[in-house]
Amino acid sequence: GNGVRQLRDGDPGTYWQSDGQQPHVVHISFRELTPITHVAILLQHDVDDSYTPHIMSVRAGTHAGDIAEVAALTLDSPKGWVVVPLTAEAVAAVRP
94 GNGVRQLRDG DPGTYWQSDG QQPHVVHISF RELTPITHVA ILLQHDVDDS
144 YTPHIMSVRA GTHAGDIAEV AALTLDSPKG WVVVPLTAEA VAAVRP
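Residue numbering for the sequence shown follows my numbering, starting at 94 and increasing by one per position.
In C-alpha cells form, the structure reads like this:
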C-alpha cells in the first residue's frame with residue numbers, strides 16, 4: 094500500500110493513498126507548540142484524476158478540543174505544488 098512512509102519520503106514518484114471512506118484525512122501532531130506558516134501538497138490531476146482532491150481544508154489547534162478551520166480552498170484540476178498560506182489572524186484565532 095501507499096501509507097505514511099510514502100507520504101513522508103520526499104520522492105514525488107511515491108504518494109499517500111487512502112482506500113477508506115471519504116473524507117480522507119491527514120492528521121499531523123507535534124510534541125510541542127509549533128508555528129506553521131503554510132501547508133503545501135503536491136497534486137497531479139492529470140496523473141491522479143479521480144483521486145485528486147477537489148476541496149481542501151486545513152485545521153489547527155492546540156489540542157483535540159479546539160481544532161478549527163484556518164484555511165479552505167476549492168481545487169480545479171491542480172497540477173504541481175498547492176501552497177496554502179496560513180495567515181497570522183487565522184492561526185491566532187485558535188490559540189489559547
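In this text, a Cβ means the ideal position worked out from N, Cα and C, and glycines have one as well. Nothing here was measured: the structure is a model prediction, and the numbers come from that model.
In three-state DSSP terms, what is residue i?
i, result
"residue 100", "helix"
"residue 131", "strand"
"residue 140", "helix"
"residue 182", "helix"
"residue 154", "coil"
Given residue i, which residues of its chain have a CB within under 8 Å of its CB, disregarding the five upstream and five downstream residues?
i, result
"residue 173", "135, 136, 137"
"residue 95", "107, 108, 109, 110"
"residue 144", "110"
Using only CA atoms, which one of the options lies nearest to residue i?
i, options, result
"residue 161", "171, 140, 152, 179", "152"
"residue 118", "131, 125, 97", "97"
"residue 140", "113, 116, 99, 105", "105"
"residue 148", "182, 168, 127", "168"
With a cut-off of 8 Å on the beta carbons, I'd call residue i and residue j a contact; round off their distance for me.
i, j, result
"residue 133", "residue 150", "Wrong, their Cβ atoms sit about 15 Å apart, outside the cutoff."
"residue 179", "residue 129", "6 Å"
"residue 131", "residue 176", "6 Å"
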